[in-house]
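With numbering that gives the first Met the number 0 applied, the sequence shown corresponds to residues 0 to 477, in that order.
All residues carry an ideal CB built from backbone N, CA and C; glycine is no exception.
Since we're looking at a predicted model, the values are computed, not measured.
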Amino acid sequence: MTEMEEAAAAWARVKRRLRAEVGEDVYTSWLARLELAGLEGGHASLSVPTRFLKSWIEAHYLDRILATLRSELPVADSLSVLVRNALRDPSAVARRPVQLVGGSEERPVASSPGEASRPAPAASQPVDERGEITGAPLDARLTFESFVVGRSNALAQAAAERIARNDSGPALYNPLYLQAGVGLGKTHLLHAAGNAARLGGRRVIYLTADRFMYNFVAALKAQTSHAFKERLRGIDLLIIDDVQFIQGKTMQQEFGHTLNALIDAGRQVIVAADRPPNELESLDERVRSRLAGGLVVEIAALDEELRVGILSQRLAAVRVAHPGFEASPAVVSYVAGAITTNGRDLEGAVNRLLAHATLTGSAVTLETAEVAIRDLVRNREPKRVRIEDIQKLVASRYNVSRSDILSERRTAAVVKPRQIAMYLSKVLTPRSLPEIGRRFGGRDHTTVLHAVRKIEKALDGDTVLSEEVELLKRMLQE
Ligand code: ADP
Ligand code: MG
Numbered sequence: 000m001t002e003m004e005e006a007a008a009a010w011a012r013v014k015r016r017l018r019a020e021v022g023e024d025v026y027t028s029w030l031a032r033l034e035l036a037g038l039e040g041g042h043a044s045l046s047v048p049t050r051f052l053k054s055w056i057e058a059h060y061l062d063r064i065l066a067t068l069r070s071e072l073p074v075a076d077s078l079s080v081l082v083r084n085a086l087r088d089p090s091a092v093a094r095r096p097v098q099l100v101g102g103s104e105e106r107p108v109a110s111s112p113g114e115a116s117r118p119a120p121a122a123s124q125p126v127d128e129r130g131e132i133t134g135a136p137l138d139a140r141l142t143f144e145s146f147v148v149g150r151s152n153a154l155a156q157a158a159a160e161r162i163a164r165n166d167s168g169p170a171l172y173n174p175l176y177l178q179a180g181v182g183l184g185k186t187h188l189l190h191a192a193g194n195a196a197r198l199g200g201r202r203v204i205y206l207t208a209d210r211f212m213y214n215f216v217a218a219l220k221a222q223t224s225h226a227f228k229e230r231l232r233g234i235d236l237l238i239i240d241d242v243q244f245i246q247g248k249t250m251q252q253e254f255g256h257t258l259n260a261l262i263d264a265g266r267q268v269i270v271a272a273d274r275p276p277n278e279l280e281s282l283d284e285r286v287r288s289r290l291a292g293g294l295v296v297e298i299a300a301l302d303e304e305l306r307v308g309i310l311s312q313r314l315a316a317v318r319v320a321h322p323g324f325e326a327s328p329a330v331v332s333y334v335a336g337a338i339t340t341n342g343r344d345l346e347g348a349v350n351r352l353l354a355h356a357t358l359t360g361s362a363v364t365l366e367t368a369e370v371a372i373r374d375l376v377r378n379r380e381p382k383r384v385r386i387e388d389i390q391k392l393v394a395s396r397y398n399v400s401r402s403d404i405l406s407e408r409r410t411a412a413v414v415k416p417r418q419i420a421m422y423l424s425k426v427l428t429p430r431s432l433p434e435i436g437r438r439f440g441g442r443d444h445t446t447v448l449h450a451v452r453k454i455e456k457a458l459d460g461d462t463v464l465s466e467e468v469e470l471l472k473r474m475l476q477e
């Protein structure tokens with residue numbers, strides 16, 4: 000098989016797995032039209048026919064798609080979603096055979112802003128020539144020295160560091176389970192612990208969930224699963240990142256066996272996940288309780304002081320390569336106030352400031368900082384939403400025109416979007432029901448009320464619809 004054929008076959012498996020995981024409804028609504036457009040240097044480009052699908056997938060399914068893709072196609076380490084040219088979309092061509100001018104709109108969007116700045120470690124073979132399991136490489140820059148400690152992560156940091164430096168004596172709190180949302184420093188701490196333990200001469204294996212699965216599958220195929228397990232037991236510290244992605248009956252069982260074998264043999268295990276052990280639905284009860292049986296530490300949202308600390312640390316790191324680059328304390332404090340999400344976005348902000356300063360050749364001021372990070376800042380103040388914008392967005396989502404929505408037509412294809420638009424007008428604007436009725440082609444306020452009630456009721460049981468309405472709300476408020 001050529002590389003592209005292999006990628007295509009892997010992609011077909013990814014889609015099958017996604018379908019099985021998310022269920023038929025969600026799959027058909029959101030993922031069925033996702034295609035693999037290209038694979039270059041470990042970066043996979045996926046395409047969808049509409050901007051709407053692109054935003055939706057980016058908001059909800061990027062991590063899951065990437066994890067599944069990585070486990071099927073280990074060379075892929077990042078991905079982006081593009082809107083494909085309408086003419087090249089086979090389903091669109093079938094619907095609209097006579098379209099002469101196709102406005103192509105291929106705008107790659109990095110899967111997350113900070114990711115671009117750290118080159119992904121080279122994909123190493125899970126099992127080397129001597130049959131030793133090598134795991135994934137550790138990033139030498141992710142150390143305890145470069146990890147800024149604050150109130151929200153102090154306990155996690157202390158636990159990880161104690162374990163990493165505990166080069167004699169029995170395992171401490173085993174396993175250590177780090178739990179935190181995206182970008183709060185889990186991977187950083189895991190690498191830091193791995194790096195420090197290695198410096199202390201201990202044998203460390205760092206695996207991501209998909210690498211764990213891939214390693215195991217590869218070993219099984221080579222019929223060395225016994226040897227594989229023996230070797231796992233021959234290490235001092237096993238680190239597994241993002242265990243929420245371990246899936247499939249065999250994989251969970253093997254994960255359970257490995258965990259038990261290591262812990263019973265007194266080997267240290269550290270894992271990280273985005274949720275507490277009892278919420279790892281894909282793992283069975285015994286594995287969950289084993290995971291919960293060590294020390295579970297949560298890293299909470301970064302407070303302002305910690306954000307300032309991380310920003311200063313990143314700026315100092317950047318200055319090593321760009322000595323002229325400066326950001327005043329006022330700029331740092333502005334960015335720390337504006338970006339409250341996570342470390343990844345803070346890192347993204349520093350990269351943007353640097354790009355801005357390098358491109359314009361001028362120092363970063365508060366004004367330029369504001370422009371540079373604008374796209375990273377989630378506007379907390381709900382924006383004033385106009386009924387007209389609601390009608391336009393909903394119409395484009397459901398492939399009808401705005402005049403259809405305002406018209407008297409009563410076909411289902413028009414009625415549903417009309418009701419959704421009325422509902423959104425009620426919840427997102429301060430307009431009264433009669434006023435909304437007037438703006439929807441002069442309808443009576445009871446019609447609006449009926450629509451609002453109808454949608455409210457539907458939202459209650461229909462998760463696809465409620466996710467959809469949530470996204471429409473977000474898009475309108477952004
Ligand atoms: P997670 O694995 O929890 O999603 P990461 O460890 O990848 O998060 O962190 C995202 C980015 O933020 C990384 O670049 C990381 O170095 C940085 N970061 C997060 N927390 C800290 C911290 N306390 N000190 C320094 N950098 C941090
Ligand atoms: Mg991580």
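Starting from Y422, follow the alpha helix (DSSP H) in both directions and report where the run begins and ends.
-> Membership of Y422 in the alpha helix (DSSP H) is indicated by the continuous run 411 to 427.
Which listed residue (N152, A9, L137) has its alpha carbon closest to that of A191 = L137
CB L154 to CB N341, shorter than 7 Å?
-> no
Which one of L352, L301, A6 has the shortest CA to CA distance from V148?
-> L301
Please state whether DSSP places H321 in a helix, a strand or coil.
-> It is coil, neither helix nor strand.
Does the Cβ of T186 lie closer than 6 Å to at least one heavy atom of the ligand MG?
-> yes
From which residue to which residue does the beta strand (DSSP E) around V296 run?
-> 294 to 297
Backbone CA spacing between G336 and P275 [nearest angstrom] | 29 Å
So, using beta-carbon positions, are V447 and G436 closer together than 7 Å?
-> Contact flag set, yes.
What do you reckon, is the C-beta of E304 under 6 Å from a heavy atom of the ligand ADP?
-> Here the distance from the Cβ of E304 to the nearest heavy atom of the ligand ADP is not below 6 Å.
Return the Cβ separation of D235 and Q267 in integer angstroms, given the expectation that the two are a contact with Cβ distance under 8 Å.
-> 7 Å
In angstroms, rounded to a whole number, what distance separates the CA positions of L141 and L353?
-> 21 Å
Assign F321 to one of two classes, buried (16 or more other C-beta atoms within 10 Å of its C-beta) or exposed (fewer than that).
-> The sequence given here places His at residue 321; Phe does not occur at that position. Exposed, since its Cβ has fewer than 16 Cβ neighbours within 10 Å.
Nearest-angstrom Cα separation, counted from S327 out to R313 | Approximately 14 Å, taken between the alpha carbons.
The ligand ADP heavy atom lying under 6 Å from the CB of E346 | yes
Classify S400 as buried or exposed, calling it buried when 16 or more other Cβ atoms lie within 10 Å of its own Cβ.
-> exposed
Distance, D461 Cα to I454 Cα = 10 Å
Secondary structure of L206, DSSP reduced to three states = Residue state, collapsed to three classes: strand.
8 Å CB neighbourhood of A36 in its chain, flanking five on each side removed | Sequence-distant partners of A36 (beyond 5 residues in either direction) whose C-beta falls short of 8 Å from its own C-beta, in its chain, are S44, L45, S46, L81, R83.
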